[in-house]
Amino acid sequence: MTNIRVILAQNLKENRRKLGITQPMLAERAGLSTHYLAMIELARKFPTADVLDRLAMALEINSNELFSVAVSPERAMEQLQQTVTNNLNQAIEHALERAIERQIIICPYTKNKNENHLKNK
Numbered sequence: 073m074t075n076i077r078v079i080l081a082q083n084l085k086e087n088r089r090k091l092g093i094t095q096p097m098l099a100e101r102a103g104l105s106t107h108y109l110a111m112i113e114l115a116r117k118f119p120t121a122d123v124l125d126r127l128a129m130a131l132e133i134n135s136n137e138l139f140s141v142a143v144s145p146e147r148a149m150e151q152l153q154q155t156v157t158n159n160l161n162q163a164i165e166h167a168l169e170r171a172i173e174r175q176i177i178i179c180p181y182t183k184n185k186n187e188n189h190l191k192n193k
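Be aware that the sequence shown starts at 73, since it is given in the working numbering, and climbs by one per residue.
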């Protein structure tokens, strides 16, 4: 789960860029120092409710949009790909474990181990 500071930082940057304004421009609109705004966008500082309201007004959005976790189509595809890859890897590992348990697959190590075991009997 993503930290609320990181969510805020990402949303500030994204909305600022959508408006085509720089950090100094947003800072001026919101009545903040550029340094403080930069610290918020780096997720190093967390603003008060008053500052959040001023930032939202300066960005021409509702305050709750500063904390929305909207997933872009690209990010959704990356997450889906990662989930599918993880599930396939788990299924392959499970199938290999079962096959080895049933001795369907005899790898060189297993074969040599079995031959040595039979010789010792």
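C-beta: ideal position from N, C-alpha, C; glycine also.
With respect to Leu114, Ala81 sits close: the two C-beta atoms are nearer than 8 Å. Contact fails between the stretch 159-178 and the stretch 97-105, because fewer than three Cβ pairs, one in each stretch, are under 8 Å apart.
Per DSSP, reduced to three states, the secondary structure at Glu132 is coil, with no helix or strand assignment.
In the DSSP annotation of this structure, the continuous segment of the alpha helix (DSSP H) that includes Glu113 starts and ends at Thr106 to Glu113.
In the three-state DSSP reduction, Phe139 falls in the helix class (H, G or I).
The alpha-carbon of Leu127 is positioned some 8 Å away from that of Leu98.
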